[in-house]
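Asks: So the working numbering is basically just the index in the sequence shown, starting at one, shifted up by 22. Using N, Cα and C, we set each Cβ at its ideal position, and we do this for glycine too.
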Amino acid sequence: MLTPPRTVVRRDGGLYALERALQRRGFRHVAGADEAGRGACAGPLVAAAAVLPEGRRGEIEGLADSKLLTAASRERVYDEVVARALAYAVVVIPAAEVDARGLHVCNLAAMRRALASLTTRPEYVLTDGFGVDGLDVPGLAVWKGDRVAACVAAASVLAKVTRDRLMVELDERYPGYGFAEHKGYITPEHTAALRERGPCREHRFSYVNVATVSGRDGRPPRSRRPAPGAPDEALLDGPGEALFDGPGAALFDGAGEAVVGGRDEPMERSGAPGGTVGVALGEQPRPPAPVGEDVVMEGGER
């Protein structure tokens, strides 16, 4: 049996080389998926997926890993991705869900849901760093994929800008933590605010630094977060504000209208073109896990 010749993608081939090679092999619609907020100890986890057009229309000036762009550049590139993408989707996992199910499980579920929500069915999937199972199309996990593949970089920008905007909104609701500046990541200023004010409900209680200042560091990760509707004193040992989580999930269309939903959907989902933002809730939480399983900070190890 004859085997097809190998496709070699040179490291210096540029951001579009991998997608172009796949398209030459017959995979016209290549989707990229990435996330933002893994290392943050407050705020949601956000995942995104995008399919860029073939040819020059899919080449976006300034597109790069979102972490390498300035805030202004990210906003500009975000607008270009939204305008040019054949399809894109963004999924938002709230902090309570991260605590209930675990960071890595939520990360995979969010990227899977984002890919399933694409209105243009991908024929091949590229993900940043690790693979996503449960898809019915071939895929490849690419190390530092947001610096190697344009569709992954586009997804990283979508996720980062969406999450940054959400953190700015949370800063207005919960002043004093500096969410608008550090976006929920662990900085000296954020650590000082946590010690002074205690955590709010937008913090992730399965993270060691949050659990410690909340007085819950001796409990398993899944039980650290107070139950919805618990009084403020059950949440904070010191002064601070509490956000009571609402039940259910919301799926938002490109116009910002809410539709009750949030369940996993098959890859062949049909719908109107445009972006989708979803809050991923409604799945059964996992059993309690050992302390420290979910303490995954950016640059750290599991």
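#1: Terminal residues of the continuous alpha helix (DSSP H) containing residue 192?
#2: Please tell me whether residue 108 and residue 74 are closer than 9 Å, where the distance is taken between their beta carbons.
#3: Using C-beta distances below 8 Å, list every residue in its chain close to residue 170, excluding the 5 sequence neighbours before and after it, in chain order.
#4: Could you give the first and the last residue of the continuous alpha helix (DSSP H) run that contains residue 218?
#5: Can you find the residues in the same chain that come closer than 7 Å, C-beta to C-beta, to residue 99, ignoring five residues on each side of it along the sequence?
#6: Check whether the Cβ atoms of residue 175 and residue 140 sit closer than 9 Å, and answer yes or no.
#7: My parser needs the alpha helix (DSSP H) runs of 4 or more residues fully inside the segment 78-131; what are they?
#8: For my contact list, residue 42 and residue 129 are in at a C-beta cut-off of 8 Å; report their separation, rounded to the angstrom.
#9: Closest to residue 162 by C-alpha separation, out of 54, 142 and 45, would be which residue?
#10: In the structure shown, what three-state DSSP assignment does residue 38 receive?
#11: With DSSP run on the structure shown, which of helix, strand or coil describes residue 51?
#12: What residues match up with residue 163 in a beta bridge as DSSP calls it?
#13: Would you decide whether residue 144 is buried or exposed? Buried here means 16 or more other CB atoms lie within 10 Å of its CB.
#14: Would you kindly check if the distance between the Cβ of residue 196 and the Cβ of residue 63 is under 9 Å?
#15: What is the rounded straight-line gap between the Cα of residue 177 and the Cα of residue 122?
#16: Would you give the residue range spanned by the beta strand (DSSP E) that residue 64 belongs to?
#17: With residue 225 as the anchor, note down where its alpha helix (DSSP H) starts and where it stops.
#18: Relative to the alpha-carbon of residue 48, which residue among 160, 114, 190 and 210 has its alpha-carbon at the smallest distance?
#19: Which stretch, first to last residue, makes up the alpha helix (DSSP H) that contains residue 203?
#20: Mind checking which residues open and close the alpha helix (DSSP H) that includes residue 234?
#21: Alpha carbon to alpha carbon, how far is residue 116 from residue 185?
#22: Using only the alpha-carbon positions, how far apart do residue 155 and residue 135 sit?
#23: In whole angstroms, what separates the C-alpha of residue 52 from that of residue 236?
#24: Below 9 Å between beta carbons: does that hold for residue 182 and residue 95?
#25: For residue 93, I'd like the list of residues in its chain whose CB is within less than 8 Å of its CB, leaving aside the five on either flank, ordered along the chain.
Replies: From the atom records:
#1: 172-195
#2: yes
#3: 37, 40 and 164
#4: 210-219
#5: 82, 84, 85, 91 and 179
#6: no
#7: 93-106 and 117-123
#8: In fact, because the Cβ distance is near 28 Å, the residues do not count as touching under 8 Å.
#9: It is 54.
#10: coil
#11: coil
#12: According to DSSP, residue 163 bridges with 149.
#13: buried
#14: no
#15: 25 Å
#16: Annotation for residue 64: no beta strand (DSSP E) segment contains it, and DSSP assigns it neither H nor E.
#17: That residue, residue 225, is in no alpha helix (DSSP H); it is neither H nor E in DSSP.
#18: 160
#19: Element bounds for residue 203: 201-204.
#20: 230-235
#21: 11 Å
#22: 11 Å
#23: 44 Å
#24: no
#25: 186
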